[in-house]
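*Asks:* Residue numbers (the UniProt record's numbering): 1 to 553.
Note that beta-carbon positions come from the ideal geometry of N, C-alpha and C, so glycine has one too.
Structure (structure tokens):
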């Protein structure tokens, strides 16, 4: 009898999709991840779990029957029926996903809600979003039900979240605080909005328990003036946040003392008022008690002399023997009175390697004030840009600077070092778009800088933005420019009134034998071709460039 042929092994049942791994691959290895973990890539998505119900409820609040139907395997399979997007190759879908998630547009949007949309595009994208736990680590402005979903899917990834008190938007706020408090060991950055109606739950969220991994804390005024009680601030995180490196206070006053301030390296204060008999000195002595501080930013901060005690520090008696010795790597001052700036620079330990960014109103500047703000021993590179009503003085320890006209088209001026000497870049603009300066105002800025020998020696570029020329100012400018022995380049950006411009530029060229470059950026009807030709012949610069820009309506 013939032997019975050996039966072939029974085919194995179709394997179902496996649960994504707990850790996501780096972005650049997403294709390798597809080859090893998502083959076939269009496998049926795992059945809906209890954690998915809040997500579905948020997308379909008016169709509750969808929740019950989605629990069945039949209807779940219908959800992932192949569509047009599934016809794209897996590699292409993965690249699109990578570019979408790591694009600037996605980061500037609301990632907490955008990730829900990404997970619904296709089965492949759903698997990728579930695998990347960091994509779910921003539970901001979500109801407690979705917050719980995000916390579960983010696994052990560091959390970045913001709380803006609004009970109308999130009625179950107390439950939300409980959820976030349970994950405080994962906190990486926290932003909290404070106002007069802020509930006690928010303070309890920040007070109860340590935050061992917290790096950044932001407290900002939400709707009305916010003041954090002193006792509450000193008890933040039970004074146990060893990795805290950055604190930003915006319109919120709190004591700048306590153990949580000791390890910070960057402190930013915005729209805050300090009171005291000598508020600047007391404030800086308080800052000096922060041993690790490297960067201090003051924006619209007012120091008001008052007989009252200093509100945001300890009693003044503790500072009688304290010497101010803080050394900053970066000091930014914006919207502060020049007299206060002078006091800060006089007391602060600033050296030639410190990056200083100062912004003051140009009407407050004078020759003496500039000399006080910018002593020769401290200047290595200065960029001065008068944008609108503000004059920015940028003092760097390096040899390159960028300034930008933020109101109109981007306009950059770069400083460089030639033969080891730093370069000074000056940009002058009027108070408004077309309102010309009065003579003492417009030329006082340049005149106040020129007498400084160190600045005059290193001045190689002058940029004039929206500058109005007239014959009455030629002699004034020529007298100032005659002291500039290293000028090499002039940039005219949207300047007006051709009456005296050519005469003034000729005086420029005569006074500065090193003058070589002239760049003109103007409106179409401001500099006709014949004028450009005369400039080339009369001035003798090696290069004359003309760039035309559209007139604003």
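Can you tell me whether residue 562 is buried or exposed? The criterion is at least 16 other CB atoms within 10 Å of its CB, across all chains shown.
*Replies:* Missing from the structure shown is residue 562; the chain here goes from 1 to 553 and no further.
*Asks:* Would residue 93 and residue 125 be called neighbours here (beta carbons separated by less than 8 Å)?
*Replies:* Yes; because the gap between Cβ atoms is below 8 Å, this pair is in contact.
*Asks:* Output needed for residue 183: all residues of its chain with C-beta closer than 7 Å, excluding positions within five of it in sequence on either side, in chain order.
*Replies:* The answer, listed in chain order, is 151 and 159.
*Asks:* Could you check what DSSP says for residue 271 in three-state terms: helix, strand or coil?
*Replies:* Residue 271: coil per DSSP, three-state reduction.
*Asks:* State yes or no: is the C-beta of residue 139 within less than 8 Å of the C-beta of residue 147?
*Replies:* It is a contact, given that the beta carbons lie within the stated cut-off.
*Asks:* Between 287, 265, 263 and 245, which has its C-alpha nearest residue 255's C-alpha?
*Replies:* Comparing Cα positions, the closest option is 287.
*Asks:* So, using beta-carbon positions, are residue 112 and residue 142 closer together than 8 Å?
*Replies:* Yes, the pair counts as a contact, with Cβ atoms nearer than the cut-off.
*Asks:* Roughly how many angstroms lie between the CA atoms of residue 239 and residue 340, to the nearest whole one?
*Replies:* When rounded, the distance between both Cα atoms is 32 Å.
*Asks:* By a C-beta neighbour count over all protein chains shown, 10 Å radius and 16 as the cutoff for buried, is residue 102 buried or exposed?
*Replies:* Classification for residue 102: exposed.
*Asks:* Enumerate in chain order the residues of its own chain whose CB-to-CB distance from residue 163 is below 6 Å, with the five nearest sequence positions on each side excluded.
*Replies:* Excluding positions up to five away in sequence, the list reads 192.
*Asks:* Tell me, please, which residues DSSP counts as bridged to residue 299.
*Replies:* In the DSSP output, where bridge partners are listed per residue, residue 299 has 270 and 334.
*Asks:* Helix, strand or coil for residue 181? Go by DSSP, reduced to three states.
*Replies:* Note: residue 181 maps to helix in three-state DSSP.
*Asks:* Excluding five sequence neighbours on each side, which residues of the same chain lie with their C-beta closer than 8 Å to the C-beta of residue 265?
*Replies:* Closer than 8 Å at Cβ, skipping near neighbours: 245, 246, 292, 293, 294 and 295.
*Asks:* Distance check for residue 114 and residue 89, CA to CA, integer angstroms please.
*Replies:* Whole-angstrom Cα-Cα distance: 23 Å.
*Asks:* Would residue 252 and residue 301 qualify as a contact pair, given that the criterion is a beta-carbon distance under 8 Å?
*Replies:* Contact: no.
*Asks:* Applying the criterion that 16 or more other CB atoms from any shown protein chain within 10 Å of the CB defines a buried residue, is residue 99 buried or exposed?
*Replies:* Under this definition residue 99 is an exposed residue.
*Asks:* Mind checking who residue 162 pairs with in its DSSP beta bridge?
*Replies:* For residue 162, which the question treats as bridged, DSSP gives the partners 191.
*Asks:* Along the chain, where does the alpha helix (DSSP H) that runs through residue 153 open and close?
*Replies:* Residues 144 to 153.
*Asks:* Would you identify the three-state DSSP class for residue 103, choosing helix, strand or coil?
*Replies:* Note: residue 103 maps to coil in three-state DSSP.
*Asks:* With residue 174 and residue 201 assumed to form a contact (beta carbons below 8 Å), what rounded beta-carbon distance in angstroms separates them?
*Replies:* Right, their Cβ atoms sit about 5 Å apart.
*Asks:* When the distance is taken between beta carbons, is residue 214 closer than 8 Å to residue 179?
*Replies:* The answer is no: Cβ separation not under 8 Å.
*Asks:* Helix, strand or coil for residue 200? Go by DSSP, reduced to three states.
*Replies:* Of the three classes helix, strand and coil, the one that applies to residue 200 here is helix, per DSSP.
*Asks:* My understanding is that residue 268 touches residue 297, with C-beta atoms under 8 Å, so please give their C-beta distance in whole angstroms.
*Replies:* Sure, about 4 Å apart at Cβ, within 8 Å.
*Asks:* Does DSSP classify residue 280 as helix, strand or coil?
*Replies:* Here residue 280 sits in helix by DSSP.
*Asks:* Among 186, 91, 207 and 282, which one has its Cα closest to the Cα of residue 306?
*Replies:* It is 282.
*Asks:* Grab the span of the beta strand (DSSP E) containing residue 219 for me, first residue to last.
*Replies:* 216 to 221 is the extent of the beta strand (DSSP E) around residue 219.
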